[in-house]
Structures are given as C-alpha cells and as structure tokens.
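Participant:
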Amino acid sequence: MCKLLYFLQTPKGIKVIPNVRVGTTDTLSSLAAYPCNHLIAIGTNGFTHSKANRIIFEEQVTTIINTLTPSGILVYGPASEFIFEEAITKQIPIYQYDSYMMIKNRDAAKRRKAGYTDER
Numbered sequence: 738m739c740k741l742l743y744f745l746q747t748p749k750g751i752k753v754i755p756n757v758r759v760g761t762t763d764t765l766s767s768l769a770a771y772p773c774n775h776l777i778a779i780g781t782n783g784f785t786h787s788k789a790n791r792i793i794f795e796e797q798v799t800t801i802i803n804t805l806t807p808s809g810i811l812v813y814g815p816a817s818e819f820i821f822e823e824a825i826t827k828q829i830p831i832y833q834y835d836s837y838m839m840i841k842n843r844d845a846a847k848r849r850k851a852g853y854t855d856e857r
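Here our numbering = 1-based position in the sequence shown + 737.
1. Is the region 769–781 in contact with the region 797–812, if contact means three or more CB pairs nearer than 8 angstroms?
2. I need the DSSP call for residue 816, collapsed to helix, strand or coil.
3. Rounding to the nearest angstrom, what Cα-Cα distance links residue 833 and residue 767 in this structure?
4. Rounded to whole angstroms, what is the Cα-Cα separation between residue 781 and residue 791?
5. Taking the alpha-carbon positions, what's the residue 795 to residue 819 distance?
6. Just to confirm, is the Cβ distance from residue 779 to residue 753 under 8 angstroms?
7. Once the 5 residues before and after residue 830 are set aside, which same chain residues still bring their CB inside 6 angstroms of it?
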C-alpha cells in the first residue's frame with residue numbers, strides 16, 4: 738500500500754514521506770514496498786527504552802538503511818547515535834523531531850525545577 742500511495746500521489750505533486758515501521762525480522766520483506774533513494778521517516782518512540790530492544794532496533798534500522806539507501810531520515814522521537822550509526826557513517830542526513838512524550842516530559846521537568854507540582 739505504501740508504494741502504491743507513493744507512486745500514485747507523487748506525480749500529482751503531493752509529497753509523500755513513507756513511514757518505515759521497524760518490527761521483527763519477519764517484517765523485513767515489507768521493505769520491498771518502499772521506494773529507494775528517497776526521504777523516509779522512522780519513529781523511535783517506546784521501543785528503544787530497554788537495552789535489548791535498542792540492539793534489535795539498531796539492527797533493523799541498519800537493514801533499512803542498507804536496503805533502501807534513503808536520501809535522508811526523519812526521526813520522530815530520540816535519534817541516538819547508536820541506533821543511527823549506519824546513517825551517520827554513510828553521511829545520510831537525519832532530521833530529528835521531538836515526540837509528544839518528549840515535549841511533555843521536558844515541560845514537566847521544567848515545571849518541577851521551577852517548583853511547580855502537577856497537583857490538580
């Protein structure tokens with residue numbers, strides 16, 4: 738569906754940035770549905786909290802990069818050097834955007850530091 742949407746909308750002038758979902762090794766066959774040499778998006782929220790998951794995630798991201806050779810990567814959530822080492826090595830631009838939870842946690846930390854409580 739992703740590839741179909743990409744090829745149907747792009748000629749009409751609608752910019753489509755495919756969101757590549759990182760999963761298990763069973764989902765790697767889905768990479769055939771994504772265009773190569775284009776900007777892609779990857780969300781890192783939630784899955785990268787534990788060290789074991791970070792290692793799996795990094796392996797999957799490396800496979801994605803080597804398969805799709807993206808022109809750039811939009812990252813929604815944390816973009817650690819460990820996870821995106823392959824992109825950094827290949828000088829693929831990474832554009833990181835804070836997730837809703839990152840913004841919410843940062844704002845809560847600022848409120849706590851300023852002496853405010855979350856009491857309601």
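Every residue gets a Cβ at the ideal spot worked out from N, C-alpha and C, and that includes glycine.
Facilitator: Considering the structure as presented:
1. yes
2. Looking up residue 816 in the sequence shown gives position 79. Coil, per DSSP.
3. Taking the first residue of the sequence shown as 1, we reach residue 833 at position 96. Taking the first residue of the sequence shown as 1, we reach residue 767 at position 30. Looking at the two C-alpha atoms, the distance is approximately 24 angstroms.
4. In the sequence shown, the residue the question calls residue 781 occupies position 44. In the sequence shown, the residue the question calls residue 791 occupies position 54. A direct Cα-Cα distance of roughly 10 angstroms separates residue 781 from residue 791.
5. Walking along the sequence shown from the start, residue 795 turns up at place 58. Walking along the sequence shown from the start, residue 819 turns up at place 82. In this structure, the alpha-carbon of residue 795 lies about 7 angstroms from that of residue 819.
6. Position 42 of the sequence shown, counting from 1, holds the residue named residue 779. Position 16 of the sequence shown, counting from 1, holds the residue named residue 753. Cβ atoms of residue 779 and residue 753: not closer than 8 angstroms.
7. The count along the sequence shown starts at 1 and reaches residue 830 at position 93. Cβ within range, chain order: 809.
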